[in-house]
Amino acid sequence: MGIANALQNSALGLAWHALRGHRHWRPFWRTPEPRASYDVVIVGGGGHGLATAHALATKHGVRSVAVLEKGWLGGGNTGRNTTIVRSNYLATPSARFYDHSLKVYEGLSRALDYNVMFIPRGVVNLATSRFQLRTMRRRVEALRLAGVDSEMLDVEAIRALMPRLQIRSTAGCEVFGGFIQRRAGIARHDAVAWGYARAADRAGVDIIQNCEVTGFERNGDEIRSVQTSCGRIGVDKVAICVAGHSSVLAEKLGLRLPITSMALQAMVSEPIKPVLDVVLDGGFYVSQSDRGELVMGGGTDVYTSYAQRSGLQRVEDNMAALVDLFPSFARLRFMRQWAGIIDLTPDSSPIIDAIGNVALSCGWGSWGFKAIPAGGECLAHLIATGKPHPLAEAFSLERFTTGALIDEAGSSGGMDDREPLL
Amino acid sequence: MRLAEGGTHIDRSRPLSFTFDGRAYQGFAGDTLASALLANDVRVVARSFKFHRPRGVFGVGLEEPSALVTIVRGPDREPNLRATEVQLSDGLVACSQNAWPSVRFDLAAINGWLAPLLPAGFYHKTFKWPRWSWYEGAIRRTAGLGRIAGTADATRESKRFHHCDVLVIGAGAAGRAAAEAAAQRGADVTLVDSGRIATLPNVRALPNTTAIGCYEDRLVAAIERIGDRQRLWKIRAAEIVFATGATERPLVFENNDRPGVMLASAVGAYLERYAVVPGRNVAFFTNNDSVYPIAEALRSRDVVVSTIVDTRRDDAVLDSRRVDCDVLAVSGGFNPNLQLFSQAAGKLRYDEKLAAFIPGEAPPGLRCVGAAAGEIDGGVAPRWRSPGNPRKQWVDLQYDVTVADVELAAREGFSSVEHLKRYTSVGMAPDQGKTSDVNALALLGEITGRAIGDVGTTTFRPPYHPVTIAALAGARTGSLAQRYRRLPVAWHEKNGGVMEDHSGWLRAAFYRRDGESEAQAIAREVRAARFGAALFDSSSLGKIEVFGRDAAEFLNRLYVNNVKTLAPGRLRYGMMLGENGVIKDDGVFGCLAPDHYLVCTSSSGARDVAFWMEEWRQCEWRELDVRIVPQTAQWATLTVSGPKSREIVARLGVDIDLSAQAFPHMHVRSGSVALKGDPQVRVRRASYTGEMSFEIDIAAEHADLLWSRLLELGAAENITPLGMEALDVLRVEKGFLEVGVDTDGETTPLDVGWGEAIAKKPEDFLGRRSLSRPAQQRADRLQLVGLQPEDPQLFLPVGVHAVDDAGAPIGHVTSSCVSPTLNRSVAMARIRGGAKRSGEVIAIDIDGTRHRARICDRAFYDPQGARLNG
Amino acid sequence: MKRIDCPWCGPRAENEFTWGGEAHIVRPGLSCGDGQWRDYLFTRSNPRGAHQERWCHTYGCAQWFHVARDTLTHRIERVYAIDEGPVDATG
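Residue numbers (numbering that gives the first Met the number 0), protein chains in the order written: chain Y, 0 to 421; chain D, 0 to 869; chain L, 0 to 90.
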């Protein structure tokens, strides 16, 4: 039994369990009753909350940790994103932060002993004008000097990477070139949540699902306990990792944030045999999952929304973009669409900061999935040491007062102001 | 087998030929591919997704999970079609998919032998060493259902829009009754159905149209089948009636996926509609009453019905006996089709008696009728589990999810229904769980000891049924997909203009003459502008007229410049900021009269600035008497630039005194021009090239004529059309910045040398307060400077970075050219603390090699502006 | 595709409109502190529930107006003129 558990997640382990009809697998995580108090309570059981708990337990020796998730873990944006992992951001602090995250992704399956299926397919952006090509060069050079891999691509190289891409030579929407980050790629989003949850649980973290935080109790400036649907839990420190709901919880703390929550939609096609090997990024983005589905997205619905509703206009716009890029996909079928709630900041950069004994990780917008490992490490560092992690120093709340914003609208696709054609 | 008589949907007078996997068969008009295959006793039509088990036709309609085929039309292929939704046509070529070498003998069936090693989520537990990428390629190739071709039919169906009072979805008995009733009370009624619709008076029928999504405020998306293509309908209704019926769910038992196991209602439908029986000896397995009439119907057609196993009767004692049959028709009850209702925010609740989810609370304007509302007879006794090997009991046929997978998921803690779905992929296949959803969650409930109502359903998401991408794109393909704005002068494209996208406008990058290279053309155009005359179409230039007693006050709040000191007839180069202090747009503005101003914006900024102005006028500054009239597309702007420009413009015959004294640089005049109709013109002496320029605004309908006239009038001076690339060289030589090129999302006017000018203005303007924040005041910000490389012929590509001794970046090149005028390379760059570093030599990193360049003033050419005056 | 009742044009599809953010935010004068300016620029209520915001019917009459809308259900409680002040949440 002991050997089997050690080898549990491996081909050998699979074989061993197969011989026993798979009846002896253990639960991925316990379902404990919440204790009366914890050193750290993390609100939000998505990728960031779980990664933070994992880092606290395994890197900082903080074992008295609970993750409170109001629904089922990983059910927020971690379970809804389009799974792209890259670090090709413009500003140096961003590039360094996301690249650290990418490096962790590269070894994450082994670190968590769970295959998160990270694959460096390569992320490509296209330039459809001379202006875009020149702007791209700036990003490529900045990345190179920050120690992050990226290279410009000419039209021939793009054609070789995406044989089905329509590259017109007539006026308008020519492809002038592009750039690629080869180490970037995709991962299985649910697996990231489950892998971190399992590892955190094994390290002693209590993961408590179906437990919604309804309020906070103060003693002076410090939060002393959280009120939840499972009762009152005492805390030394609290962390808020709830993405699109950050303002809702902040309001219970008497805070207002520089955040607007909007719907981000995604859609998948039916699974087909491999037709696209790289990730094509830009205002519209598409990749092909290992199961064969095309996973796509592009543009936010530009108004405050907590509804997680998908709409028809976005699908029409994105499918028109898809078939314009890849005419041979016309017969392919769109299978499912959904939406998440993204917490947007004015500069498309995150917030990792603390106010009193409350640590905040929010403003992850549409760029949160790739950041899970680094976000977790940095927030855990802040909680455990009281000081910002060097990689996250620039992502303070204070920057909105001093004006030191880190503008990544270009690297994040920004907000879509495309004119709709009815 | 086909019976000799009957079949409501087929026309026996019209036989059709088709092939499946290369073999020829016959069917009738009205058949689906599935009914025709069954008529020809083709029992194995597909292989399952994961284990490549042989599969036959299972259902009769959209719910079909197993019989996925590819239709071949010449070089085009359409994969993943359900044989039950393909209308038979003469010459149809169909084939199986996901099997090799053939569907009858598929090598990948070996996966079935490996099944114990391939439980749900197995790939997460392994493939970690050395890394996933070693295995991923092979796994990708075995995944996926069908294969798409290299080309596709480019034909598109335009979308349709439709409004009605009442939309009834489903033309069965309940739907027809609802439609009729609504029509009788005078409503404008539309009735949609995936199949045929018999005419109803005063009801608009949309047959062959499947509703696939219910969106906010009762917008329904529906797909009409037109031959082998699809058309998207967007229907807005005041009321929606869901007569969407119910789908039978199968029973789950060992080997329930074998060819020959079918939904009982499907067996009944094949008999009724197509006179087809899927075999010769039919057995039934049921937990409700619905199968008995079907068995009767079969018997009345002399089909052998060997037995009916009814769990309600035999459940207590399941004796072991062997029954021969070649069709096993199963019925586990019926699930009302409430996916669309749920998408429209209708609530569901679990009904114990029906063992199904039925409608709960409905939002206003929505209701369910008929089977969809739970009006289902049948005395169902739910039975969610069977004895036997759980690894051989299928819950989701399309993604090969078994009972063992659900048990494993529960065992490992994935006991919420969403976790179950994501861990096992049950219900995530293209059939979206139509025949598996309720079975899966009921099973989960039993395993984890929870009532089905507590387990709940997963969220229903559009589309109800997969939709081709072509239908969603509609006519937005080819030239309609690219939304470019075009200049009013048609001459450019026909005369060597190399047209490219410039901020959404199609403009000439340069004009190619015979044998010229791009570089030669650009150099020629630049020379013409500097020494002779150039002509360019700058009609995309934003032009906004501002009227009113408070026009100056209004603009004074928008511009960083002082507007109120501008006298009529004069122009000033101005800058507008966003409230964050970042440069939003720049351009020349002019005073035409104390209550009439002209604002010129960049081509890309025209729409945004006009929108921005209206927002402030309407929302915040309602006390101001001001009106904003965008005129960008109404006025064409043709610019004559160069030392010879004045004499050429003079020949035009404008009633404006063009002399240097009467019309100095940075002034604006109005008049008329001697063209047909004596059109009005407005002429600005503003310059983006650094040479004397006359920007002539004229109503767009005269643009072509004016362009041709200027070409004629300037022939002696060799007036030369100027493209965007040459314009770029000219402005770089002058050190003129371009917003969005030399500035980005963080650049303030302080960063480009406007600090002193701003200090002179006492009043507030948009963005001003942001400039005094600590970050905007720092001396080490990126500031716009000129650069001259020590090697005068070394071109500094835009985007390359300046680095310090340690190799860390300290700035980047924003604009650059090898100036034909100065015969050396010049560039503009944003450099840390650049404003105080004039004269300093810095290192520029180009592909890893460092080159030296000197920081200098940006105005490389004619820094005093002497060529502009006079 | 939500319908919004433009006060001038009647109910129109949401893609004819441009959202203008949270309403009733007062612009401070030049002498305000950095924190106050920050709040004006960036700090937002971003509520899950009742929200007052500005919309413009860009592809119609191009007029701005106010909307009181629930950000969770998207239900529009009321549409009111641009020169009307904030609606009392308890009223």
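Backbone N, C-alpha and C define an ideal beta-carbon position, used for all residues, glycine too.
Inter-residue spacing [alpha-carbon to alpha-carbon] between GLN776(D) and LEU770(D): GLN776(D) and LEU770(D): Cα-Cα distance of roughly 7 Å.
Within 9 Å (strictly less), CB to CB, does ASP164(D) reach chain L? No, because no Cβ of chain L sits closer than 9 Å to the Cβ of ASP164(D).
Which residues in the same chain have their Cβ closer than 8 Å to the Cβ of ALA315(D), if we skip the five residues on either side of it in sequence? Any reading at ALA315(D) must be qualified, since the residue scores a pLDDT of 46, below 50, and its modelled position is unreliable; the value itself is stated next. Non-local beta-carbon contacts of ALA315(D) in its own chain, meaning distances under 8 Å to residues more than five positions away in sequence, are absent.
For the segment 438-458 of chain D against the segment 409-421 of chain D, do three or more pairs of beta-carbon atoms, one drawn from each stretch, fall closer than 8 Å, so that the two count as touching? As far as the Cβ criterion goes, the segment 438-458 of chain D touches the segment 409-421 of chain D, which means the pair count is three or higher.
Residues near ALA778(D) by beta carbon distance below 6 Å, same chain, minus five either side: Non-local C-beta neighbours of ALA778(D) in its own chain, meaning closer than 6 Å and more than five positions away in sequence, comprise GLY832, ordered along the chain.
If I follow the unbroken alpha helix (DSSP H) through ASN79(D), where does it start and stop? Element bounds for ASN79(D): not the alpha helix (DSSP H) but the beta strand (DSSP E), 75-81.
Would ARG313(Y) be called buried (16 or more neighbouring beta carbons within 10 Å of its own) or exposed? It is buried - the Cβ of ARG313(Y) has at least 16 other Cβ atoms within 10 Å.
Would you kindly work out how many angstroms separate the C-alpha atoms of THR285(D) and ILE168(D), rounded to a whole number? In this model, THR285(D) and ILE168(D) are separated by some 29 Å (Cα to Cα).
Alpha-carbon spacing of ILE341(Y) relative to ASN80(Y), whole angstroms: Across the structure, ILE341(Y) and ASN80(Y) are spaced so that their CA atoms are roughly 10 Å apart.
Length of the line joining the Cα atoms of ILE179(Y) and ARG137(Y): Answer to the nearest angstrom: the Cα atoms are 13 Å apart.
Using the beta-carbon count (16 or more within 10 Å), is GLY291(Y) buried or exposed? By the Cβ neighbour-count rule, GLY291(Y) is buried, with 16 or more other Cβ atoms within 10 Å of its own.
DSSP three-state assignment for TRP128(D), whether helix, strand or coil: Of the three classes helix, strand and coil, the one that applies to TRP128(D) here is coil, per DSSP.
Pick out whichever of SER34(D), LEU262(D), GLN25(D) and THR69(D) has its Cα sitting closest to the Cα of ALA45(D). In terms of CA proximity to ALA45(D), THR69(D) leads the group SER34(D), LEU262(D), GLN25(D) and THR69(D).
Limits of the beta strand (DSSP E) - the one that VAL648(D) falls within: Boundaries for VAL648(D): no beta strand (DSSP E) harbours it, while the alpha helix (DSSP H) harbouring it runs 644-649, taken from the DSSP string.
Residues sharing a beta bridge with TRP337(Y), DSSP: Paired residues: ALA265(Y).
Please report whether the beta-carbon of MET427(D) lies at a distance below 9 Å from any beta-carbon of chain Y. Any Cβ of chain Y closer than 9 Å to the Cβ of MET427(D) would place that residue at the interface, and such an atom is present.
Our contact map puts PRO345(Y) next to PHE394(Y) with C-beta atoms below 8 Å; I'd like the distance itself, whole angstroms only. Contact check for PRO345(Y) and PHE394(Y): beta-carbon distance about 13 Å, past the 8 Å limit, so the pair fails to qualify.
Taking a Cβ distance cut-off of 7 Å, strictly less, list which residues of the segment 310-344 of chain Y are near chain D, in chain order. Listed by position, the residues of the segment 310-344 of chain Y near chain D (Cβ gap below 7 Å) are GLY310, LEU311, VAL314, GLU315, MET318, ALA319, LEU321, VAL322, ASP323, PRO326, SER327, PHE328, ALA329, ARG330, LEU331, ARG332, PHE333, MET334, ARG335, GLN336 and TRP337.
Strictly under 9 Å for the Cβ-Cβ distance: is ARG138(Y) near chain L by that measure? Chain L, which has no Cβ nearer than 9 Å to the Cβ of ARG138(Y), makes this no.
Exposed or buried, what is THR7(D) when buried is set at 16 or more other beta-carbons lying within 10 Å of its beta-carbon? Its Cβ having fewer than 16 others within 10 Å, THR7(D) is exposed.
Cβ neighbour criterion (16 or more within 10 Å) applied to GLU613(D): A buried status is given to GLU613(D), since no fewer than 16 other beta-carbon atoms sit within 10 Å of its beta-carbon.
Give me the Cα-Cα distance between THR425(Y) and ALA22(L), rounded to the nearest whole angstrom. The question about residue 425(Y) has no answer here: the residues shown for chain Y are numbered 0 through 421.
Give me the Cβ distance between LEU716(D) and GLY531(D), rounded to the nearest whole Å; I'm assuming they're in contact under 8 Å. In the sequence on display, residue 716(D) carries Glu and not Leu. About 5 Å; that satisfies the 8 Å criterion.
For ALA33(D) versus GLN229(D), is the C-beta spacing smaller than 9 Å? Going by C-beta atoms, ALA33(D) is not nearer than 9 Å to GLN229(D).
Does the beta-carbon of ASN868(D) have 16 or more other beta-carbons within 10 angstroms, so that it is buried, or is it exposed? With fewer than 16 other Cβ atoms inside 10 Å of its own Cβ, ASN868(D) counts as exposed.
Check distances from the C-beta atoms of the segment 32-51 of chain L to those of chain D and list, in chain order, the residues that come in under 7 Å. Listed by position, the residues of the segment 32-51 of chain L near chain D (Cβ gap below 7 Å) are ASP33, TRP36 and LEU40.
Do VAL545(D) and TYR596(D) have their CB atoms nearer than 9 Å? Cβ distance < 9 Å, so VAL545(D) and TYR596(D) count as in contact.
Would ALA354(D) and GLY369(D) be called neighbours here (beta carbons separated by less than 9 Å)? Not a contact, by the Cβ cut-off of 9 Å.
Taking the alpha carbon of ALA826(D) as the reference point, which residue from SER319(D), ASN201(D) and ASP727(D) has its own alpha carbon closest? Answer by Cα proximity: ASP727(D).
Which residue wins for smallest C-alpha separation from MET575(D), given the options ARG482(D), ARG823(D), ALA865(D) and ASN560(D)? For the residues ARG482(D), ARG823(D), ALA865(D) and ASN560(D), the minimum Cα distance to MET575(D) belongs to ASN560(D).
Tell me, to the nearest whole angstrom, how far the beta carbon of ALA82(D) is from that of GLU62(D); I am working on the premise that it is less than 8 Å. Contact doesn't hold; Cβ gap of about 13 Å is too wide.
Rounded to the nearest angstrom, what separates TYR79(L) and GLY59(L) at their Cα positions? Spanning the two alpha carbons is a distance of roughly 17 Å.
Please return the same chain residues whose Cβ sits closer than 6 Å to the Cβ of ALA673(D), not counting the five positions on each side in sequence. The residues GLY652, in chain order, have a CB closer than 6 Å to that of ALA673(D) in the same chain once the five nearest residues on each side in sequence are set aside.
By Cβ distance, which residues of its chain are closer than 8 Å to MET0(L), with the 5 residues on each side in sequence left out? Cβ neighbours of MET0(L) beyond the five flanking positions: ALA12, GLU13 and ASN14.
CA-to-CA distance, ALA480(D) to ARG417(Y), given in whole angstroms: With a pLDDT of only 35 at ARG417(Y), under the threshold of 50, the placement of this residue in the model should not be trusted, and no figure is reported.
Taking the straight line between their C-alpha atoms, what separation do you get for SER330(D) and VAL274(Y)? Near 39 Å, if we compare the C-alpha coordinates of VAL274(Y) and SER330(D).
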